[in-house]
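Chemist: First residue of the sequence shown? That's 341 in this note's numbering, and the numbers climb one at a time after it.
Note that the Cβ used here is the ideal one computed from N, Cα and C, for glycine as well.
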Amino acid sequence: PYSVSSARIRGVPVPAMSAHSDGRNGRPLSSFEKRVYSVVQRIPPGAVASYGVIAAEIRSSARSVGGAMRRNPFAPAVP
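(1) For residue 415, count neighbouring Cβ atoms within 10 angstroms of its own Cβ and tell me buried if that reaches 16, exposed if not.
(2) Short of 7 Å in beta carbon distance, which residues of its chain neighbour residue 379, apart from the five on each side in sequence? Order them along the chain.
(3) The alpha helix (DSSP H) spanning residue 393 covers which residue range?
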């Protein structure tokens, strides 16, 4: 069966998030969540980045990044 994960492995383009996408339950994304998901979206398939690395790039804390990732409505397309 087709899945985003198998598509990434095969190198098939995966639909990415839109800057205007709504979060879960129709709640709009905060500007912070948009910054986090934008950074995470650029991580190449197979690569790994810790919340600390992502936080350093957007000048925030790893704990805040973890909270945004917990609410990630785009998983697994934006891991």
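Modeler: The answer reads as follows:
(1) Taking the sequence shown and counting its residues from 1, one reaches residue 415 at position 75. Residue 415 should be labelled exposed.
(2) The residue you call residue 379 lines up with position 39 of the sequence shown. Counting only Cβ-Cβ distances below 7 Å, and skipping sequence neighbours, we find 394, 397, 398.
(3) Position 53 of the sequence shown, counted from the start, is the residue given in the question as residue 393. Where residue 393 is concerned, the enclosing alpha helix (DSSP H) stretches over 391-398.
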